[in-house]
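Numbering-wise (the numbering used here), the sequence shown opens with residue 34 and increments by one. For each residue, glycine too, the CB sits at the ideal point set by N, CA and C. As the structure is a computational prediction, the values presented were derived from the model and not from experiment.
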Amino acid sequence: TYGDWSSDVCSSDLSRDGQRVATASQDQTAQVWDASTGSLISGPLKHSNSVTMVAFSPDGQRVATSSLDKSVQIWDAASGNLLAELTGHGRRVRAAAFSPDSSRIATASNDQSARLWDAATGSPIAVLTGHKDWVRSASFNRDGSRLVTASEDSTARVWDGRSGTEIAVLAGHSGYVVSAAFSQDGSRIVTASYDRTDRKSTRLNS
Numbered sequence: 034t035y036g037d038w039s040s041d042v043c044s045s046d047l048s049r050d051g052q053r054v055a056t057a058s059q060d061q062t063a064q065v066w067d068a069s070t071g072s073l074i075s076g077p078l079k080h081s082n083s084v085t086m087v088a089f090s091p092d093g094q095r096v097a098t099s100s101l102d103k104s105v106q107i108w109d110a111a112s113g114n115l116l117a118e119l120t121g122h123g124r125r126v127r128a129a130a131f132s133p134d135s136s137r138i139a140t141a142s143n144d145q146s147a148r149l150w151d152a153a154t155g156s157p158i159a160v161l162t163g164h165k166d167w168v169r170s171a172s173f174n175r176d177g178s179r180l181v182t183a184s185e186d187s188t189a190r191v192w193d194g195r196s197g198t199e200i201a202v203l204a205g206h207s208g209y210v211v212s213a214a215f216s217q218d219g220s221r222i223v224t225a226s227y228d229r230t231d232r233k234s235t236r237l238n239s
């Protein structure tokens, strides 16, 4: 058991080496724990509203937290020092994901957009517009060249993972699309929806 909260825990993530666990809570904090002992390593990592998601960078050196306070914050995973704050979304941020090389972060928001950021500096790279409702998730493919977003407008969209240019719209669901993910080889995407179905895309062009 990691910690004792008075508020719900919204998200957790395990570092790639399996040594640390990060947790996010409605108490407006995230924390990093030793996976073996449950002892606190760093935290609390504080926002001004509920923390909706927490994610380790693939290299394990940083933690990203997204919040209802409309921001994403990047922290040093060992010390808990704040490294960068990503601001610009107009409404709550639902998700944040590092690219496989840890150089970029994609964020998804209720403002109907996703955004790409430089993970080292927090500088914006691109605003991904086109969705007509809340964006629920964002996920990179294995080499970071593509990004897929899922939205309550019943679609998923595929973007260039470096420039943010739109590549394809995946339509066909009749309900909210709440998540989307690439296959290991990056050639296919699976989506999950409130219409009680999941769908697999046809092969994507390389």
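| Item | Value |
| --- | --- |
| Tell whether a beta-carbon distance below 8 Å holds between His80 and Ser104. | yes |
| At a cut of 8 Å, does the segment 44 to 58 reach the segment 135 to 142 through at least three beta carbon pairs? | no |
| Taking the straight line between their C-alpha atoms, what separation do you get for Phe215 and Thr182? | 11 Å |
| Give the single residue among Ile158, Ser207, Gln217 whose Cα lies nearest to the Cα of Asp193. | Ile158 |
| Determine the closest residue to Ala152 out of Arg125, Val168, Thr120, Arg175, with distance taken between C-alpha atoms. | Thr120 |
| Comparing C-alpha positions only, which one of Leu161, Ala117, Leu47, Asp102 sits nearest to Ser196? | Leu161 |
| Which runs of the beta strand (DSSP E) spanning at least 3 residues fall entirely within the segment 171 to 235, listed in chain order? | 179 to 184, 189 to 193, 199 to 203, 210 to 215, 222 to 226, 231 to 233 |
| Per DSSP, what are the beta-bridge partners of Ala57 in this structure? | Ser44, Ala63 |
| Residues bridged to Ala130 by DSSP? | Ala139 |
| Three-state secondary structure (DSSP) at Ser72? | coil |
| Classify Arg229: buried if its beta carbon has 16 or more other beta carbons within 10 angstroms, exposed otherwise. | exposed |
| Using the Cα positions of Thr198 and Ala225, report the straight-line distance between them to the nearest angstrom. | 23 Å |
| For Arg127, I'd like the list of residues in its chain whose CB is within less than 8 Å of its CB, leaving aside the five on either flank, ordered along the chain. | Thr85, Met86, Ser99, Ala141, Ser142, Asn143, Trp167, Val168, Arg169, Ser170 |
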